[in-house]
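K.L.:
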Ligand code: TYD
Ligand code: MG
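Residue numbers (the working numbering): 89 to 569.
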């Protein structure tokens, strides 16, 4: 885009495309507030000048290199973004205060593999504080500029002058524009600033990272307010343990199922390149009753996770499921399938389910492992050593196929799990170490012995539930027998 063309400016509504000669707080066409942005070389100007490429151009004439990516300098960030940072894109990074957003983005600012300047804008810390942090993390870079300001107009001005190839704004909530009211952090301000910066990114071909704190309900707007204005939304979150997850909830240029894994060290965020055994518990003997290992897909990686279950006689007249790592409704459904199809009663039990390492599991392929952990917890029988479990369960008690089962079996093999019990392999699908079970009953018998389960409800093993059935019925928790 030439400099002359840039001079012909109008104010264009980002919502409906309406154009005005001067700035207005509200678009007269669609009625949206604060959507009018100064735009270079407008559509009408292009129309007047007869430059038809403003409307369309042959696909073959598009230079593919123009939309290419660069590495953020951190493989885990690249992975979540779908293979690097897209030039001209805007990326929102949300997370609770203290999770490590500033650390992560200072590392990205210093390491991004892009030639030219990088600008780190902070409205939260002073320049000496940032310098101290950078020194402590051993970060430096030719062309890394710091701007400590919360003034959007000043930031945009600096962007025009410096023309950085990558920009970090820390944070969106400390940024304000004269044109969107006087208080920073309001929904209006957050939206306005996010839009202005993502438009700058598009026009300049540079990448913009916007930090946004997740806030408790209140006067300050959270990242949700800006999600529509950006190309990608990443959330940084922590488990019970030391592990931090970076997940995409929106990604215009890639999938949203990749997860970046980090740990916080004295020298900043360290990447976890091979997380396959991260969610396993190290122990000398075999698994204790109530634990089952499942191979699960997280994006393009197969992780082994240990699912732990505990059942205790219900204390209240209503039984409850306590599970926040696996959806509680799903645990209840699996317990019901076991009760109905493997004959072990859960309806008078409180059920606790957890995942070692605090990973959250949404993958349907974990069903059978949850069932195995529940059965093991309820019966007091441990799963066989070096055996992992994968498969989806239908309400009819069938073990359903899961995607990429052979790769799961191989991933388990690599970590010393010589057998994986799952759905029966289809013709030509067999893999050494893969054993199949068509139903949950068959799976339970394979894992715990042929006489352990039956179709019809049977008394639980000795010592598991001291109360006679009549007492359970009297308490209003009677089964269906
Ligand atoms: P920070 O990046 O400031 O979090 P956010 O910007 O999301 O609020 O860092 C959060 C915490 O990480 C802070 O409490 C200190 C800690 N930390 C380390 O443990 N090691 C380090 O090298 C750095 C920079 C921070
Ligand atoms: Mg911060």
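Using N, Cα and C, we set each Cβ at its ideal position, and we do this for glycine too.
Answer yes or no: do residue 425 and residue 485 have a C-beta to C-beta separation smaller than 8 Å?
P.N.:
Sequence index remark: in the chain shown, residue 425 carries index 337 (1-based). Sequence index remark: in the chain shown, residue 485 carries index 397 (1-based). Going by C-beta atoms, residue 425 is nearer than 8 Å to residue 485.
K.L.:
Closer than 7 Å: is that where the CB of residue 214 sits relative to any heavy atom of the ligand MG?
P.N.:
One-based indexing of the chain shown puts residue 214 at position 126. Not under cutoff, so the answer is no.
K.L.:
Could you please give the first and the last residue of the uninterrupted beta strand (DSSP E) stretch that includes residue 385?
P.N.:
Along the chain shown, one-based indexing puts residue 385 at 297. Start and end: 379-386.
K.L.:
With a floor of 3 residues, list each beta strand (DSSP E) that falls wholly inside the segment 450-489, ordered by position along the chain.
P.N.:
Counting only runs of 3 or more, we get 475-477.
K.L.:
Out of 173, 177, 156, 220, state which residue places its alpha-carbon closest to the alpha-carbon of residue 199.
P.N.:
Position 111 of the chain shown, counting from 1, holds the residue named residue 199. With distances taken between Cα atoms, residue 199 lies closest to 173.
K.L.:
Can you give me the start and stop residues for the beta strand (DSSP E) that residue 191 sits inside?
P.N.:
Stepping through the chain shown from its first residue, residue 191 is reached at position 103. Where residue 191 is concerned, there is no enclosing beta strand (DSSP E), although the alpha helix (DSSP H) it sits in stretches over 189-199.
K.L.:
Please list, in chain order, all residues of the same chain as residue 227 whose beta carbon is under 7 Å from its beta carbon, the five residues on each side excluded.
P.N.:
Within the chain shown, residue 227 is the residue found at index 139, counting from 1. Closer than 7 Å at the Cβ level, and outside the excluded window around residue 227, lie 194, 195, 198.
K.L.:
Could you round the C-beta distance between residue 243 and residue 296 to whole angstroms and report it? I think they count as a contact, below 8 Å.
P.N.:
As a position in the chain shown, residue 243 is number 155, starting the count at 1. As a position in the chain shown, residue 296 is number 208, starting the count at 1. At roughly 10 Å, the Cβ-Cβ gap does not stay under 8 Å, so residue 243 and residue 296 are not in contact.
K.L.:
Do residue 380 and residue 464 count as a contact pair if the criterion is CB distance below 8 Å?
P.N.:
Within the chain shown, the letter at position 376 stands for residue 464. Within the chain shown, the letter at position 292 stands for residue 380. Yes, the Cβ-Cβ distance between residue 464 and residue 380 is below 8 Å.
K.L.:
Using a Cβ-Cβ cutoff of less than 7 Å, which residues in the same chain neighbour residue 141 once the five nearest sequence positions on both sides are dropped?
P.N.:
Counting from 1 along the chain shown, the entry for residue 141 is found at position 53. Low local confidence applies: a pLDDT of 46 at residue 141 is under 50, so the model's placement there is unreliable, with the coordinate-based value given in what follows. Result list for residue 141: empty, nothing under 7 Å.
K.L.:
The beta strand (DSSP E) with residue 311 in it runs from where to where?
P.N.:
Position 223 of the chain shown, counting from 1, holds the residue named residue 311. Taken as a continuous stretch (DSSP letters only), residue 311 belongs to no beta strand (DSSP E), as it is neither H nor E.
K.L.:
Should residue 217 go down as buried or exposed, given a rule of 16 or more other Cβ atoms within 10 Å for buried?
P.N.:
Taking the chain shown and counting its residues from 1, one reaches residue 217 at position 129. The residue in question, residue 217, is exposed, as its Cβ has fewer than 16 Cβ neighbours within 10 Å.
K.L.:
Please classify residue 442: does DSSP put it in a helix, a strand, or coil?
P.N.:
Here residue 442 corresponds to residue number 354 of the chain shown, with the count starting at 1. Of the three classes helix, strand and coil, the one that applies to residue 442 here is strand, per DSSP.
K.L.:
Run through DSSP, which three-state label would residue 157 get?
P.N.:
What you label residue 157 is simply residue 69 of the chain shown in a count that begins at 1. Three-state DSSP puts residue 157 in a strand.
K.L.:
Check the DSSP bridge columns for residue 236 and list the partner residues they point to.
P.N.:
By one-based count along the chain shown, residue 236 stands at place 148. 210.
K.L.:
Could you work out which residue in 123, 536, 252, 149 is closest to residue 279 when comparing CA atoms only?
P.N.:
Here residue 279 corresponds to residue number 191 of the chain shown, with the count starting at 1. With distances taken between CA atoms, residue 279 lies nearest to 123 out of 123, 536, 252, 149.
K.L.:
Which stretch, first to last residue, makes up the beta strand (DSSP E) that contains residue 400?
P.N.:
Your numbering for residue 400 matches position 312 in the chain shown. From DSSP, the beta strand (DSSP E) with residue 400 extends over 389-401.
K.L.:
Taking C-beta to C-beta, are residue 257 and residue 283 nearer than 8 Å?
P.N.:
The count along the chain shown starts at 1 and reaches residue 257 at position 169. The count along the chain shown starts at 1 and reaches residue 283 at position 195. No. Outside cutoff.
K.L.:
Does residue 338 come out as helix, strand or coil in the three-state DSSP assignment?
P.N.:
Your numbering for residue 338 matches position 250 in the chain shown. Looking at residue 338 - three-state DSSP - the assignment turns out to be strand.
K.L.:
Would you report the Cα separation of residue 168 and residue 336, rounded to the nearest angstrom?
P.N.:
As a position in the chain shown, residue 168 is number 80, starting the count at 1. As a position in the chain shown, residue 336 is number 248, starting the count at 1. Roughly 6 Å between the two C-alpha positions.
K.L.:
Can residue 332 be considered in contact with the ligand TYD, in the sense that its beta carbon sits closer than 7 Å to one or more heavy atoms?
P.N.:
Your numbering for residue 332 matches position 244 in the chain shown. Outside the cutoff, so no.
K.L.:
DSSP three-state call for residue 101: helix, strand or coil?
P.N.:
The residue you call residue 101 lines up with position 13 of the chain shown. Of the three classes helix, strand and coil, the one that applies to residue 101 here is strand, per DSSP.
K.L.:
Of the residues 409, 532, 113, 206, which one's Cα is nearest the Cα of residue 470?
P.N.:
For the purposes of this step, residue 470 is identified with residue 382 of the chain shown, where counting begins at 1. When only C-alpha atoms are compared, the closest one is 532.
K.L.:
Identify, in the order they occur along the chain, each residue of the same chain with its Cβ nearer than 8 Å to the Cβ of residue 269, setting aside the five sequence neighbours on each side.
P.N.:
Residue mapping note: residue 269 aligns to position 181 of the chain shown, counting from 1. Only 276, 277 meet the Cβ criterion.
K.L.:
Among residues of its own chain, excluding the 5 on either side of residue 303, which ones have a beta-carbon nearer than 8 Å to its beta-carbon?
P.N.:
Taking the first residue of the chain shown as position 1, residue 303 is located at position 215. Taken in chain order, the residues that qualify are 261, 309, 310.
K.L.:
Check the DSSP bridge columns for residue 266 and list the partner residues they point to.
P.N.:
Counting from 1 along the chain shown, the entry for residue 266 is found at position 178. In the DSSP output, where bridge partners are listed per residue, residue 266 has none listed.
K.L.:
Suppose contacts are defined by Cβ-Cβ distances below 8 Å. Is residue 447 in contact with residue 341 by that definition?
P.N.:
Counted from its first residue, the chain shown places residue 447 at position 359. Counted from its first residue, the chain shown places residue 341 at position 253. No, they are not a contact pair.
K.L.:
Report the three-state DSSP secondary structure of residue 324 (helix, strand or coil).
P.N.:
Indexing the chain shown from 1 puts residue 324 at position 236. Residue state, collapsed to three classes: strand.
K.L.:
Can you name the residues that DSSP bridges to residue 422?
P.N.:
Against the chain shown, residue 422 aligns to sequence position 334. The partner list for residue 422 (beta bridge, DSSP) is empty, contrary to what the question assumes.
K.L.:
Would the C-beta of residue 110 count as close to the ligand TYD, meaning under 7 Å from any of its heavy atoms?
P.N.:
The residue you call residue 110 lines up with position 22 of the chain shown. No, the beta carbon of residue 110 sits no closer than 7 Å to any heavy atom of the ligand TYD.
K.L.:
Does the ligand MG have a heavy atom nearer than 7 Å to the CB of residue 237?
P.N.:
In the chain shown, counting from the first residue as 1, residue 237 sits at position 149. No, Cβ of residue 237 sits at least 7 Å from all heavy atoms of the ligand MG.
K.L.:
Does the segment 171-190 come close enough to the segment 318-326 to have 3 or more Cβ pairs within less than 8 Å?
P.N.:
They touch, by the three-pair rule.
K.L.:
If you draw a straight line from the C-alpha of residue 312 to the C-alpha of residue 330, how long is it?
P.N.:
Looking up residue 312 in the chain shown gives position 224. Looking up residue 330 in the chain shown gives position 242. For residue 312 and residue 330, the distance between alpha carbons rounds to 26 Å.
K.L.:
Please list the terminal residues of the continuous beta strand (DSSP E) segment that includes residue 358.
P.N.:
Counting from 1 along the chain shown, the entry for residue 358 is found at position 270. Looking at the DSSP string, the run of the beta strand (DSSP E) that includes residue 358 is 356-359.
K.L.:
From residue 133 to residue 290, what does the alpha carbon distance come to, in whole angstroms?
P.N.:
If you number the chain shown from 1, residue 133 lands on position 45. If you number the chain shown from 1, residue 290 lands on position 202. With a pLDDT of 48 at residue 133, under the threshold of 50, the predicted position of this residue should be treated as unreliable, though the coordinate-derived value follows. When rounded, the distance between both Cα atoms is 19 Å.
K.L.:
Taking Cβ positions, are residue 475 and residue 509 nearer each other than 8 Å?
P.N.:
The count along the chain shown starts at 1 and reaches residue 475 at position 387. The count along the chain shown starts at 1 and reaches residue 509 at position 421. In this structure, residue 509 lies closer than 8 Å to residue 475 by Cβ.
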